[in-house]
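Numbering-wise, the sequence shown is residues 58 to 269 according to the working numbering. Cβ coordinates follow ideal geometry from the N, Cα and C atoms, glycine included. A quick note: this is a predicted structure, and the numbers were derived from the prediction, not measured.
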Amino acid sequence: MVSKMELNNRQEHILQIVKDNGPITGEQIAERLNLTRATLRPDLAILTMAGYLDARPRVGYFYSGKTGTQLLTENLKKILVRNYQSIPVVVNENVSVYDAIVTMFLEDVGTLFVIDEHTHLVGVLSRKDLLRASIGKQELNSIPVNIIMTRMPNITTCEKDDLLIDVAKSLIEKQIDAVPVVNMTENGDLEVTGRITKTNVTKAFVALAEDL
Numbered sequence: 058m059v060s061k062m063e064l065n066n067r068q069e070h071i072l073q074i075v076k077d078n079g080p081i082t083g084e085q086i087a088e089r090l091n092l093t094r095a096t097l098r099p100d101l102a103i104l105t106m107a108g109y110l111d112a113r114p115r116v117g118y119f120y121s122g123k124t125g126t127q128l129l130t131e132n133l134k135k136i137l138v139r140n141y142q143s144i145p146v147v148v149n150e151n152v153s154v155y156d157a158i159v160t161m162f163l164e165d166v167g168t169l170f171v172i173d174e175h176t177h178l179v180g181v182l183s184r185k186d187l188l189r190a191s192i193g194k195q196e197l198n199s200i201p202v203n204i205i206m207t208r209m210p211n212i213t214t215c216e217k218d219d220l221l222i223d224v225a226k227s228l229i230e231k232q233i234d235a236v237p238v239v240n241m242t243e244n245g246d247l248e249v250t251g252r253i254t255k256t257n258v259t260k261a262f263v264a265l266a267e268d269l
């Protein structure tokens with residue numbers, strides 16, 4: 058994709074020519090602008106990659122008729138989880154609530170994924186879970202996180218080839234901060250391979266906006 062694309066005057070002129078005369082070949086566009094085909098080629102490539110124009114071999118260029126908003130929406134629906142997932146932060150189910158709190162602050166994350174001795178996903182810990190456990194007179198060093206964590210089947214997960222927009226909807230609908238990216242083993246267990254957070258989704262949205 059083209060970074061921070063803004064159409065220059067020549068590109069705007071090309072779009073208008075294609076709108077008025079499409080389908081039209083690159084040679085015909087070049088003639089109207091009194092330019093060589095080689096000079097025009099980069100502009101046509103940019104407009105085609107960005108989605109403003111469609112190109113068909115031996116036919117020519119068509120105006121897609123799509124606005125920047127439409128292109129943004131279409132591109133959002135093509136982004137996969139694998140493109141924006143980040144490294145997960147995991148803790149063992151037997152660690153104490155105190156250690157989990159320390160890990161959360163040291164790693165600067167809002168969600169921890171809990172694994173068993175076989176490194177399979179068994180739970181999720183949020184800031185709210187840890188805050189709730191820390192209220193009162195409990196000895197946090199003696200309480201294992203498996204007592205307070207959210208367990209299956211109440212954990213929302215995703216896979217690397219899922220659409221990012223679908224995960225974003227889950228974050229909103231379920232009012233959670235992160236979703237583990239998992240890989241299912243032959244035995245049906247889940248291995249945590251990444252995470253998608255609201256920050257990941259925001260980065261994707263900003264990147265797309267800059268590319269239009």
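Quick one: any contact between the region 70-78 and the region 109-121, if contact means 3 or more CB pairs under 8 angstroms?
Enough Cβ pairs lie closer than 8 angstroms, so yes.
Residues in its own chain within less than 8 angstroms of residue 97 by CB, not counting five upstream and five downstream?
71, 83, 86, 87, 90
Taking Cβ positions, are residue 180 and residue 203 nearer each other than 8 angstroms?
yes
Where residue 106 falls: helix, strand or coil (DSSP)
helix
Give the secondary structure of residue 228 by DSSP, where H, G and I count as helix, E and B as strand, and everything else as coil.
helix
Compute the beta-carbon to beta-carbon distance between residue 169 and residue 182, rounded to the nearest angstrom, for a pair I have assumed lies under 8 angstroms.
Contact between residue 169 and residue 182 holds, with the beta-carbon distance rounding to 4 angstroms and staying under 8 angstroms.
Is there contact between the region 245-259 and the region 155-164, where contact requires at least three CB pairs shorter than 8 angstroms?
no
Give every residue of the same chain whose Cβ lies closer than 8 angstroms to the Cβ of residue 175, excluding the five residues on either side of it in the sequence, and list them in chain order.
246
Measuring alpha carbon to alpha carbon, tell me which residue in 234, 108, 93 is nearest residue 259.
234
Do residue 154 and residue 200 count as a contact pair if the criterion is CB distance below 8 angstroms?
yes
Leaving aside the five residues before and after residue 205 along the sequence, list all residues of the same chain whose C-beta is less than 6 angstroms from its C-beta, in chain order.
186, 190
Expected contact under 8 angstroms - CB spacing of residue 109 and residue 257 to nearest Å:
The distance from the Cβ of residue 109 to that of residue 257 is about 28 angstroms, inconsistent with a contact at the 8 angstroms cut-off.
What are the residues that DSSP puts in a beta bridge with residue 262?
Paired residues: none, contrary to the question.
Residue 218, buried or exposed, once every other Cβ within 10 Å from all chains shown has been counted against 16
exposed
Assigned secondary structure, residue 240 (DSSP; H/G/I helix, E/B strand, else coil)
strand
Our contact map puts residue 224 next to residue 236 with C-beta atoms below 8 angstroms; I'd like the distance itself, whole angstroms only.
The Cβ separation is near 6 angstroms, so the contact holds.
Are there 16 or more other CB atoms within 10 angstroms of the CB of residue 138, so buried, or fewer, so exposed?
buried
Rounded to whole angstroms, what is the Cα-Cα separation between residue 81 and residue 146?
54 angstroms
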